[in-house]
Structures are given as C-alpha cells and as structure tokens.
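Input: a single structure, listed below in structure tokens.
Numbering (this note's numbering), first residue to last: 6 to 547.
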C-alpha cells in the first residue's frame, strides 16, 4: 500500500503549545491528561476516504482497519488471523475456498452475511466504483475482466452458498490468501447502508461497520474520532473506548505534540534529524524496527526524456544510496538495490547490476549514457521531481537533487499535499516522483504486480513489457515454491534492467509509543490495531 510520504500537518493553538513544551537538552515530556479509555494517535496524512473499496494509503488503513474486519484480520503482531470468517477450507487444486462466517452483526444490529461479501466483491469489480486497489483482487476469477468492463460484475468468482457460507473461486493459486484477505479492498461493506446513502454512506451517522470501532466524527484536517462498537463480537476484550486519529504531516511538529502529551502514539512519523537525540533521551518511547517498505523513484516512461532507458539508468546510477541512509534518513534504513525488500518468506531479491561499481565509475557511466542520449553540460537533463510535502520527503528530495547536480542533472523539486500528489500519480501527471510501497501481504508478487501492464491505477509509470508480464503470469500457475520464486526473481531483474523504477532505500518503522500503552507489538508491516491496546495512565516512566 502507499507509504508514509503522504502526511498533512496540524497548526494552531495546540501546535503552539507543543512548541513551547519542547526542550532541546533533555527528554522531558508530559503525559496525556485524557482518561484511560481514550487513545490519541498521530496518523500521517488526512484520509482521502474511509470507504474500504476506494482507499489506497496506510494512513487510511489504520482507521479503516479499526472499523472493519475482513474474512481475515490483523493480529496484534501484524500476522493474519480469522476475522469475519471463523474457518475456511480449500479445494485440492487450491482454486476454490469456502469460508464459514462467524455469527456477528453490523454496528446497527443487522446480521453480516455472505451476501454482503458477494455484493462487496462485485462492487470492487464494477468500473463505476473506480476502486484504486482492484488489481490486488485480480486473482479472483473474472475480477480483472469485470474491472475492465469485459464481463458484468456479477460474473466474479464469489457466491453465497447460504447466509454464513461464502465461496471464492480464483483464476490461479494464492499461497498468500490469509494475508491478502486482511486487506481493506477485500472487506465486506453493508449493502443495506451503501445502497441507502450512496456516496454519503461513509459520513458520521450513516456509516456502520463490523469491527471493534465505529465512526463518530470526522473534522477535515483536524481529526477522525472512532468509538467502541458494543456489537463487535469481541467487544468484551476491547479496552479503548475512544480513539482519535490526527493527521501529522510535519514530523517535527508531531514529535513536539507527542512530548507535550497530546499524542499517545505516533506511527511512522519521526523526524530523521531527531533520531539520534531520541535514542539518547527517549529510548523507551522510540521504536525503530525492520519494515517491508521500499522507497523508490518512479519514472513516467511515456514522458520524454524518460522514455529513454539510458536517461533513467543515469538518474539511478548517481544516487549514493549509502550516503542517503547514513547521513539523511539515519534510522537504520538499508541502501536499496532491489525493488522487493528482504523480510518476505521464501524469496531472495534480484539486484541492480551496478551495485558493486564504485561511485566514480557510476558517475562516469551516467555521463556517457546521457551523452549518448543527446544531453551535454550545455544541454543538461532537466525535470520536475514530485514528492509529498513531508519532513522526510523534503530531506530526501534535497539530497537527491544535490547528488544529481554533481553529474550535471537538474531537478526541480515539486512538493504537493498527499491527495494532490497521489491523484497526480494515478493520472500519470508527473515526470519523476518519489514513491514508496509497503507490502500488503508478505509475498514478492505484491511488489511485482505494480509493474504489470494490466495493473491500472497503481502502475503509475505506465511500464509495460510483455516478457515481464509473461514471467509474473507464469509464477501464478507454478506450484513448486522454488520454481515460482525463480520466475518472480527473473521478472524483478528484468524490471530493474529496464529501469522501470529506481530503488533508493529499504525503510524501517519509526514509531513513538507512550510508556502508558500496553499491548503494542513491533512488527515488520507496522500495523497496530487499537483493539489490542490498553492504557495505564498511572505509568509516568520517562
């Protein structure tokens, strides 16, 4: 899913209070005066939508995943566990799955049925929905064809055998099915509410959900408030009654608000320039852990001069990835020489072929490639670099700009707010952009599907290579794990050789966690559902 580059900040009286509370010398902090059943979360960007079938970012996932549970759902440690389904079985060929739904209801008391899920998969498939993430469900039979308008949505491979039995038929194997079905694109939505209110179904007062929380209030650019759903099947084990999600674009301001006691938890929004200070003065609050996240440059391969792979390769060659992680991001990130990060079971990534070439030799090669493409010191490559207007985005883009200038490459920095930025990417209204991807499920396919020609909204750069598509498609039907891995690795290598993208670094999760929080479990997908958290307001550990 889309990564942490998109954040929207908060200003005003509360931010001023936080600034006043920040001391540069020590780790003094205030603790929240909220009650022990109210959690305040700094959450990255302002959500563009809370509709599970139209969302696209991890900041939206944090909220939606507190309100809804799919057939599978996220456990405290980020792994997949049974959600709306209490069990499932698979056919011998691994193409048909039958789910038994648990006996539970929507937050308005209406029973959740298999028919809701059938309706939801058809809604995802309907081109009128304009679901940004429909491609993640292409493994379901006829989902891709329906999304393209080639067959009606009622032809997708989902049917209700009875009210509590759902059957999903897939076009090819899905060894990652448990994690796939934790994704919000696969969530069931309440048909009776969606059809009653239309686009207004996600408004406070209209929206109903089947998870631990319901939408209480949404003040644009300020906060989203959720309250405990008393009809949730596991409500007895949910300790937090109210959770507030605040957009936090400016990570330095987020840190000050955290220290002022305004936030209990800030997920993935820690200023790189403060990492060493936090390690020294607030080691119990700072959580830095491995993360299956790739930050990369996305080229629009249909815009000159980036339709020329020589230009794309030159841009990639002169990025000093070691300097980037040691001097700019500074939290333990790793240099990015592949698209697929480490940490995915059963997969060893491909690699940029120039990885072990000294930087001086890389720059010389870049200059040679640019000269072959018609660019000289008197006629340099000049382009706009799009990024979200975040603390990290500004730091990384300035660093890239400096690295490129040393090779005679000129980049103009173009920061945008999150909604504008990603809408531009979906419309391919950019030349080069900073982007990032966090695995939706722990399988290399989740990264490599982004570059398939059939992937629409999420294939931002418009990369298309029949040989690449053939390799990925072959992996879908290869049942031998080693052979499947080899097909995926060959596809990744091909995309790297084509310079469809330029990986920059592999990220880490950087969270601020109050010592008053109980139940927080570090994990490499950085998902922390509020239902598993609790608060001890008496703990004043510094």
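By construction, the Cβ of each residue, glycine as well, lies at the ideal position given by its N, Cα and C atoms.
Inside the stretch 317–404, DSSP marks whole alpha helix (DSSP H) runs of 4 or more residues at positions 364–377, from first to last along the chain. In this structure, residue 403 lies away from residue 304, with their beta-carbon atoms at least 8 Å apart. Going by C-alpha positions, residue 535 is about 55 Å away from residue 377. With a beta-carbon spacing of about 24 Å, residue 184 and residue 510 fall beyond the 8 Å limit used to define contacts. Look at residue 85 here: in three-state DSSP terms it is strand.
Residue 486: member of the alpha helix (DSSP H) spanning 486–502, first to last residue.
Per DSSP, reduced to three states, the secondary structure at residue 42 is coil, with no helix or strand assignment. A contact between stretches requires three or more CB pairs, one per stretch, nearer than 8 Å, and the stretch 97–112 fails this requirement with the stretch 417–426. In the pairwise beta carbon analysis, the stretch 497–507 is classified as not touching the stretch 201–210: fewer than three pairs are separated by under 8 Å.
In this structure, residue 293 lies away from residue 375, with their beta-carbon atoms at least 8 Å apart.
By the neighbour-count definition (other C-beta atoms within 10 Å, threshold 16), residue 191 is a buried residue.
Contact check for residue 189 and residue 57: beta-carbon distance about 4 Å, within the 8 Å limit, so the pair qualifies.
When secondary structure is reduced to three states using DSSP, residue 120 falls in the helix class. Note that the stretch 356–366 does not touch the stretch 216–226; fewer than 3 beta-carbon pairs, one per stretch, sit closer than 8 Å.
Remark: C-beta atoms of residue 308 and residue 34 do not approach each other more closely than 8 Å. Between residue 238 and residue 42, the gap from beta carbon to beta carbon reaches 8 Å or more. Cβ atoms of residue 414 and residue 386 come within 8 Å of each other, at about 5 Å. Between residue 420 and residue 393, the C-beta spacing is below 8 Å. DSSP, reduced to helix, strand and coil, places residue 177 outside both helices and strands of the structure shown, so it counts as coil. Where residue 546 is concerned, there is no enclosing beta strand (DSSP E), because DSSP gives it neither an H nor an E. In this structure, 250 is the residue among 236, 246, 250 with its C-alpha nearest to the C-alpha of residue 227. For residue 245 against residue 439, the beta-carbon gap comes to about 34 Å, at or over 8 Å, which does not count as contact.
Taking all protein chains shown into account, residue 277 has 16 or more neighbouring C-beta atoms within 10 Å of its C-beta and is therefore buried.
In this chain, the beta strand (DSSP E) harbouring residue 91 covers 90–95. Of the candidates 528, 98, 54, 522, 522 places its Cα closest to the Cα of residue 540. In the DSSP assignment, residue 222 falls outside any alpha helix (DSSP H) and within the unbroken beta strand (DSSP E) covering 218–224.
Residue 295 sits away from residue 518, with the two beta carbons spaced by 8 Å or more. The Cβ atoms of residue 186 and residue 75 sit closer than 8 Å to each other. In terms of Cα proximity to residue 269, the closest of 388, 209, 127, 37 is 37. In this structure, the straight-line span from the alpha carbon of residue 124 to that of residue 196 is close to 7 Å. Judged by DSSP secondary structure, residue 516 falls within the beta strand (DSSP E) whose first and last residues are 506–518.
In the DSSP secondary-structure assignment, residue 229 is bridged to 223, 250.
Proximity to residue 435 across 452, 213, 60, 465 peaks at 465, based on C-alpha coordinates. Per the DSSP secondary-structure output, residue 102 pairs in a beta bridge with 95, 173. With a cutoff of 8 Å on beta-carbon distance, residue 145 and residue 126 are scored as near each other. Judged by DSSP secondary structure, residue 442 falls within the beta strand (DSSP E) whose first and last residues are 437–443.
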